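Numbering (the working numbering), first residue to last: 37 to 107.
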């Protein structure tokens, strides 16, 4: 496992033993992503829009973000 990445805005990206990544906002709302790229994109979007991460019930349906590729 690698080390936790912390952004200047206080978000963290932590690699997990199963290959996924746990991302948390400064208020400790966390979710998992499958790839580092997805983790970085979600954090970048949240920081750019000055918002935290979606709640657990919304984690599978992120807010309308520019990196969403649709169907």
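For each residue, glycine too, the CB sits at the ideal point set by N, CA and C.
None of these values were measured; they are calculated from a predicted model.
Contact between residue 88 and residue 54 is ruled out by a C-beta separation of about 24 Å, above the 8 Å threshold. The residues 88, 89, in chain order, have a CB closer than 6 Å to that of residue 65 in the same chain once the five nearest residues on each side in sequence are set aside. By the 16-neighbour rule on beta-carbons within 10 angstroms, residue 40 is exposed.
Listed as beta-bridge partners of residue 67 by DSSP are 59.
For residue 51, DSSP records a beta bridge to 57. Residue nearest to residue 42 within the set 85, 84, 79, 86 is 79 (criterion: CA-CA distance). Secondary structure note for residue 72: its alpha helix (DSSP H) is the uninterrupted segment 72-84.
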